Amino acid sequence: MALLTRITGPRDLDGLTPEQLDRLAAEIRTFLVDEVSKTGGHLGPNLGVVELTIALHRVFESPKDKVLFDTGHQSYVHKLLTGRQDFSKLKMKGGLSGYPSRAESEHDVIENSHASTVLGWADGLAKANEVLKKEDHHVVAVIGDGALTGGMAWEALNNIAVAKDRPLVIVVNDNERSYAPTIGGLANHLATLRTTDGYERFLARGKDILERTPVVGRPLYETLHGAKKGLKDFIAPQGMFEDLGLKYVGPIDGHDIEALESALQRAKRFGGPVIVHCLTEKGRGYQPALADEADRFHAVGKIHPDTGLPIASSGVDWTSVFGEEMVKLGKEREDIVAITAAMLQPVGLDKFAKTFPDRVYDVGIAEQHGAVSAAGLATGGLHPVFAVYATFLNRAFDQVLMDVALHNCGVTFVLDRAGVTGTDGASHNGMWDMSILQCVPNLRIAAPRDADQVRAQLREAVEVDDAPTVVRFSKGAVGPAVKAVGKVGGMDVLRRPAEGTADVLLVSVGALAPMCLEIADLLDKQGITTTVVDPRWVKPVDEALAPLAEQHRVVVTVEDNSRAGGVGSAVAQALRDAGVDVPLRDFGIPPRFLDHASRKEVMAEIGLTAPDIARQVTGLVARLDGRLEEAPAEAARD
């Protein structure tokens with residue numbers, strides 16, 4: 006690592022020779038494999054952008070020039086070249102974020118880890134440079150071919166293209182993949198561009214001359230061209246960008262630093278919007294990643310650096326339970342189809358796709374389109390199951406509201422990685438879904454507490470054909486089954502006092518059931534009796550909850566969602582509507598962005614642990630006892 010350790014900032018790259026740059030690229034790949042294998046992280050994407058990132062920092066002058074990445078998971082090399090080479094706690098508490106972070110470096114402009122947004126940012130920054138007359142400042146947006154499947158990217162391109170003399174460089178990092186291989190019309194378009202190098206463009210321009218050359222002209226052209234394409238098919242792809250008003254440069258070998266620098270220098274001098282199309286290889290230089298056809302080690306846990314094999318298995322996870330049940334449902338019902346937004350494997354639909362290849366639709370990184378398409382599928386007589394990370398459904402809220410719910414479409418949204426996910430940081434915690442979906446009329450939300458309930462509630466959800474349903478579950482390993490000891494209305498009773506009525510009604514949401522039972526044990530040691538119920542369906546609030554609450558002195562809700570507008574708020578409103586005047590305390594995620602750390606560390610930091618909650622509930626009951634002795638009327642109003 007002799008060269009890498011000497012790089013403390015981008016300008017340290019300036020004096021390196023071509024041979025040294027190649028050595029540096031090799032050192033960076035070795036570093037990434039060694040370090041990310043210890044912590045986990047986005048390995049494949051970063052192995053693919055080593056030379057590209059080196060070239061970017063040699064041509065442009067960050068932080069004066071703004072270099073933006075979409076999505077930010079391909080920024081590890083950028084971190085290394087901007088002085089951040091301690092990866093020992095990558096994605097851990099107190100360590101480097103897995104995405105760009107303003108708190109880490111002045112070279113990080115945007116903290117984006119949701120795809121397709123960078124071109125909008127770049128458009129705004131370029132406009133700001135223009136208004137403030139910063140003529141020597143440049144904006145460079147690096148966007149993957151997968152992110153270009155998102156509609157926001159094309160909305161931005163439409164605006165960027167308007168200003169012919171506003172400098173903005175768009176670098177398309179084309180590795181044919183997002184998580185998995187990139188799909189759709191744009192992918193086909195870029196595939197055509199991949200076959201088009203500068204040599205063939207020269208042939209296209211010279212076609213007329215060659216055809217007029219006696220005897221050898223036409224045969225020579227067809228031989229050199231491979232007789233695969235006509236002139237129109239050949240020049241059309243780059244023409245699409247240029248028709249938008251965007252200068253097109255490429256395709257460029259994304260692993261040839263000299264070629265990259267030459268292309269980027271030309272783009273920098275152009276003085277208007279330019280697309281530089283770079284061909285890269287995801288997982289480059291690491292054979293285990295290249296051999297992984299599913300996603301080229303897009304994101305890995307802790308692995309053995311030599312083999313790429315996981316160090317340890319965490320057991321059965323929530324996602325695989327869902328995926329297996331989807332296959333069973335698919336065999337039972339021909340009307341069930343699946344939708345994914347470029348994440349077939351991460352959301353567990355890969356087995357369904359193998360079994361029913363004609364009944365799964367990958368819409369690319371286009372959650373909004375996926376939701377509207379699901380409405381169309383439902384209206385056409387099918388039952389679509391749209392599996393997506395909880396944090397990414399935020400992007401399609403309008404479509405869920407105005408297209409799916411307004412039209413009473415039977416669509417099931419399956420939200421993976423709900424609640425605190427931890428290591429991926431603020432943008433990936435699935436902590437808003439139960440709040441933003443509360444206001445959607447007729448929509449129903451299921452929060453399974455274990456694997457058995459994932460299976461059962463998924464089946465209940467797909468039986469609903471006149472309204473949208475949501476099934477949400479956590480990230481990682483699923484724990485043992487939590488058995489019910491009774492039923493009240495549609496709610497499962499997980500614990501009740503041996504005799505008489507309980508002091509506290511504890512409403513447990515989803516995967517937090519084991520923690521809620523632990524809270525009840527801790528309260529019991531303080532002489533406080535507790536009933537624990539799992540509503541199963543948290544929206545709408547079960548009608549049996551208010552009468553049950555009236556039999557208790559205190560109601561406590563515990564959820565892995567924002568307290569603002571979450572399940573606790575919905576329960577409080579239901580109690581008010583029913584005229585039940587019982588003190589309620591809601592525990593959940595505070596309405597702020599959470600730093601990256603393990604799930605356990607994040608939960609401890611925000612006080613969402615059994616001891617923390619039990620301590621506060623004990624204090625609440627104690628205060629009620631004091632007030633009841635002195636002023637019963639005041640206690641009733643608490």
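If you're matching positions, the sequence shown starts at 6 in this note's numbering and goes up one per residue.
For every residue, glycine included, the Cβ atom is placed at its ideal position computed from N, Cα and C.
No experiment lies behind these values; they were computed from the predicted model shown.
Check whether residue i and residue j have beta carbons under 9 Å apart
| i | j | result |
| --- | --- | --- |
| GLU24 | LEU9 | no |
| ALA423 | ALA456 | no |
| ASP27 | ILE257 | no |
| VAL537 | SER567 | no |
| ASP600 | VAL607 | yes |
| VAL114 | LEU130 | yes |
| ASP300 | GLY49 | yes |
| LYS69 | HIS142 | yes |
| THR285 | ASP179 | yes |
| ARG597 | LYS480 | no |
| THR154 | ALA379 | no |
| GLY571 | GLN443 | yes |
Residues of its chain near residue i, where Cβ-Cβ distance is below 6 Å and the 5 sequence neighbours each way are ignored
| i | result |
| --- | --- |
| PHE92 | GLU40 |
| HIS260 | GLU56 |
| GLY435 | ALA395, THR396, ARG422, ALA423, GLY424 |
| VAL587 | ALA554, VAL560 |
| ARG16 | none |
| ILE341 | LEU334, GLY335, HIS388 |
| LYS98 | ALA602, GLU606 |
| PHE302 | LEU48, GLY49, GLY288, ALA294 |
Cβ separation of residue i and residue j, assumed to be a contact under 8 Å, to the nearest whole Å
| i | j | result |
| --- | --- | --- |
| ALA343 | VAL390 | 5 Å |
| VAL82 | THR58 | 4 Å |
| VAL476 | ALA451 | 5 Å |
| THR417 | VAL467 | 5 Å |
| ALA644 | VAL174 | For the chain, the structure presents residues 6 to 643; residue 644 sits outside this window and is missing. |
| ASP408 | VAL377 | 5 Å |
| ALA304 | THR345 | Not quite, the Cβ-Cβ distance comes to about 16 Å (not below 8 Å), so this is no contact. |
| ALA507 | THR535 | 5 Å |
| ALA577 | ASP591 | 7 Å |
| PRO519 | GLY484 | 6 Å |
| VAL145 | LEU73 | 7 Å |
Sequence-distant residues of its chain with Cβ nearer than 8 Å to residue i (five each side left out)
| i | result |
| --- | --- |
| PHE357 | GLY328, MET331, VAL332, GLY335, ALA343, ARG364, VAL365 |
| GLY156 | SER121, ALA371, GLN373, HIS374 |
| ALA152 | ASP75, THR76, ALA120, SER121, VAL123, ALA158, SER183, ILE370 |
| VAL221 | Interpretation of VAL221 is limited by its pLDDT of 48, a score under 50 that renders its predicted location unreliable; no figure is taken from the coordinates. |
| LEU101 | LYS84, ARG89, ASP91, PHE92, LYS94, LEU95, GLU109 |
Selection from the options that minimises the alpha carbon distance to residue i
| i | options | result |
| --- | --- | --- |
| ASN447 | VAL425, TRP542, GLY288 | TRP542 |
| THR623 | VAL561, VAL72, LEU528, GLY149 | LEU528 |
| GLU339 | VAL321, ALA317, SER318, PRO362 | PRO362 |
| ARG274 | VAL254, LEU284, GLY631 | VAL254 |
| LEU411 | ALA472, GLY250, ALA161 | ALA472 |
| PHE478 | ALA575, GLU140, THR324 | THR324 |
| THR13 | THR506, THR535, ILE148, THR87 | THR87 |
| ASP429 | ALA60, GLU116, GLY53, ASP19 | GLU116 |
| ASP539 | ALA579, HIS557, LEU511, ARG558 | LEU511 |
| VAL2 | GLU247, VAL177, GLY20, LEU101 | Because residue 2 is not part of the residues shown, which for the chain are 6 to 643, the question remains open. |
| ASP646 | ARG107, ASP547, ALA503, ARG289 | Here the chain has residues from 6 to 643 only, and residue 646 is not among them. |
| LYS139 | ALA401, ILE165, ARG171, GLY125 | ARG171 |
| ASN413 | THR384, ILE441, VAL281 | THR384 |
Residue i at chain D interface by Cβ criterion, 9 Å
| i | result |
| --- | --- |
| VAL561 | Absence of chain D from the displayed structure is noted, only one protein chain being present. |
Residue i classed as buried or exposed, judged by whether at least 16 other C-beta atoms fall within 10 angstroms
| i | result |
| --- | --- |
| ARG581 | exposed |
| THR426 | buried |
| THR187 | For THR187, the pLDDT reaches just 49, beneath the cut-off of 50, and the residue's location in the model is therefore unreliable, although a value from the coordinates is still provided. When all chains shown are included, THR187 counts as buried. |
| VAL626 | buried |
| ALA133 | exposed |
| HIS309 | exposed |
| THR562 | buried |
| GLU337 | exposed |
| LEU550 | buried |
| LYS169 | exposed |
| LYS71 | buried |
| ASN163 | exposed |
| GLU266 | buried |
| VAL490 | exposed |
| GLN292 | exposed |
| LEU314 | exposed |
| LYS492 | exposed |
| THR312 | exposed |
Own chain partners of residue i with C-beta closer than 7 Å, once the 5 adjacent residues on each side are dropped
| i | result |
| --- | --- |
| GLN270 | VAL64 |
| ASP403 | none |
| ASN51 | LEU37, GLN79, TYR81, VAL82 |
| VAL585 | ALA551, ALA554, GLU555 |
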